[in-house]
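Chains as they are written, first to last, in the numbering used here: chain A, 1 to 197; chain B, 198 to 394. Here's the structure we're looking at; comments come further down.
And the structure:
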């Protein structure tokens, strides 16, 4: 219905998560009617990022440098390594502001049904680091989902085999949460993981 | 927190309507982790559209041609001209499938408080067309908002001054709507615009 270039823009916008045909139409028209400068800037940012952003050689997170800012930061504790699933998880932990060690970003989790095995989430890189660096403790912070737990279990076995101390972040009732609204699985876990006072 | 190219991409994504910081982060990471091809295609589509898409010389809608597909379609009725606010309105009317005339797209509405006067919405182009073409009826389909009504009123005066027949699309209870859920303004309008049977 619209002209070819506009139709192509609408269809290209559909690659964004959560954007359906109606949102794509609204976005395309809004950009062309009112914010061509922003659209130009977005096009440049996309090209630059697609071209420039790769993986950190040490922690596998997304970065345009060979080694990312966190890995090259000499003020951080080299003896602690925290394993997370995505760069967004790193951001969440950094926002909490207490962890001072380094990270290892799997960029996913084990999921044999989708063809994602140890090689796809960089377990070889992690194993090499565990062998060669003097890592004192490996903290597993994968998501508490079936796949995340399986991944944590797999990595724990690997680390134990190399004599590295492994821990898992605590799961239970979140601070400020009301028991009334917490799901059964979380509550059961909170009871089975109770600590002596 | 992320590397500069990723931060720049997140900030550029904020120009899209309805995209806040959290959505922008999700979009940027998803594109870089899983859909670089789509991101590249989006960058190209944006550049092409920003560069190529202009306005139709006759109806002012967004198009990359000098005269858009609807205006150059000889099968459509030249004697009917429908005035709408945006290209999305044209799409909505076309989807209804009954109107066979041509369009004039204001790309906005009169809004003196935002500095949008008759010149900004192409009233001069419309006035010239009313003078020079043999338009039998001008149908005003601007939105039933305060600004839309004011714009319709302004254009109606202009057309009457040039001896062109003017009409306004009907407003009232939508088909399939239940009276119980219709707002008071619409119901009042539906009563005052009642037709004899």
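Heads up, the beta-carbon is just placed ideally off N, CA and C, and yes, glycines get one too. Remember, it's a predicted structure, so these values are computed and weren't measured experimentally.
C-beta neighbour in chain B for residue i, strict 8 Å
{"i": "residue 77 of chain A", "result": "no"}
{"i": "residue 6 of chain A", "result": "yes"}
{"i": "residue 232 of chain A", "result": "A question about residue 232 of chain A goes unanswered here, because the residues of chain A that appear run from 1 up to 197."}
{"i": "residue 71 of chain A", "result": "no"}
{"i": "residue 115 of chain A", "result": "no"}
{"i": "residue 9 of chain A", "result": "yes"}
{"i": "residue 175 of chain A", "result": "no"}
{"i": "residue 85 of chain A", "result": "no"}
{"i": "residue 145 of chain A", "result": "no"}
{"i": "residue 97 of chain A", "result": "no"}
Chain A contact for residue i (CB, 8 Å cutoff)
{"i": "residue 302 of chain B", "result": "no"}
{"i": "residue 246 of chain B", "result": "yes"}
{"i": "residue 200 of chain B", "result": "yes"}
{"i": "residue 353 of chain B", "result": "no"}
{"i": "residue 322 of chain B", "result": "no"}
{"i": "residue 297 of chain B", "result": "no"}
{"i": "residue 254 of chain B", "result": "no"}
{"i": "residue 233 of chain B", "result": "yes"}
{"i": "residue 212 of chain B", "result": "yes"}
{"i": "residue 330 of chain B", "result": "no"}
{"i": "residue 279 of chain B", "result": "no"}
{"i": "residue 361 of chain B", "result": "no"}
{"i": "residue 375 of chain B", "result": "no"}
{"i": "residue 238 of chain B", "result": "yes"}
{"i": "residue 261 of chain B", "result": "yes"}
Whether residue i touches residue j by CB criterion (8 Å)
{"i": "residue 155 of chain A", "j": "residue 126 of chain A", "result": "yes"}
{"i": "residue 64 of chain A", "j": "residue 200 of chain B", "result": "yes"}
{"i": "residue 246 of chain B", "j": "residue 9 of chain A", "result": "yes"}
{"i": "residue 83 of chain A", "j": "residue 142 of chain A", "result": "yes"}
{"i": "residue 104 of chain A", "j": "residue 59 of chain A", "result": "yes"}
{"i": "residue 39 of chain A", "j": "residue 212 of chain B", "result": "yes"}
{"i": "residue 225 of chain B", "j": "residue 210 of chain B", "result": "yes"}
{"i": "residue 318 of chain B", "j": "residue 335 of chain B", "result": "no"}
{"i": "residue 251 of chain B", "j": "residue 5 of chain A", "result": "no"}
{"i": "residue 150 of chain B", "j": "residue 337 of chain B", "result": "Because chain B here runs from 198 to 394, residue 150 of chain B falls outside it and cannot be looked at."}
{"i": "residue 345 of chain B", "j": "residue 277 of chain B", "result": "no"}
{"i": "residue 43 of chain A", "j": "residue 240 of chain B", "result": "yes"}
Close beta carbons around residue i, own chain, < 6 Å, minus the five adjacent residues each side
{"i": "residue 77 of chain A", "result": "100, 101"}
{"i": "residue 368 of chain B", "result": "341, 386"}
{"i": "residue 93 of chain A", "result": "99"}
{"i": "residue 228 of chain B", "result": "236"}
Cβ neighbours of residue i in the same chain (closer than 7 Å, five flanking residues each side left out)
{"i": "residue 215 of chain B", "result": "none"}
{"i": "residue 87 of chain A", "result": "61, 62, 105"}
{"i": "residue 268 of chain B", "result": "253, 255, 256, 299"}
{"i": "residue 152 of chain A", "result": "140, 142, 168"}
{"i": "residue 73 of chain A", "result": "none"}
{"i": "residue 221 of chain B", "result": "207, 210, 211"}
Residues of its chain near residue i, where Cβ-Cβ distance is below 8 Å and the 5 sequence neighbours each way are ignored
{"i": "residue 158 of chain A", "result": "123, 126, 127, 130"}
{"i": "residue 313 of chain B", "result": "305, 306, 307"}
{"i": "residue 376 of chain B", "result": "370, 384"}
{"i": "residue 204 of chain B", "result": "198"}
At what residue ranges does the stretch 260 to 334 of chain B contain a whole run of the alpha helix (DSSP H), taking only runs of 4 or more?
-> 284 to 293, 320 to 329
Listed in chain order, which residues of the stretch 214 to 230 of chain B have Cβ atoms closer than 8 Å to some Cβ of chain E?
-> No chain E appears in the structure shown, which is made up of the protein chains A and B.
What runs of the beta strand (DSSP E), each 3 residues or longer, lie entirely inside the stretch 327 to 374 of chain B?
-> 334 to 337, 362 to 365
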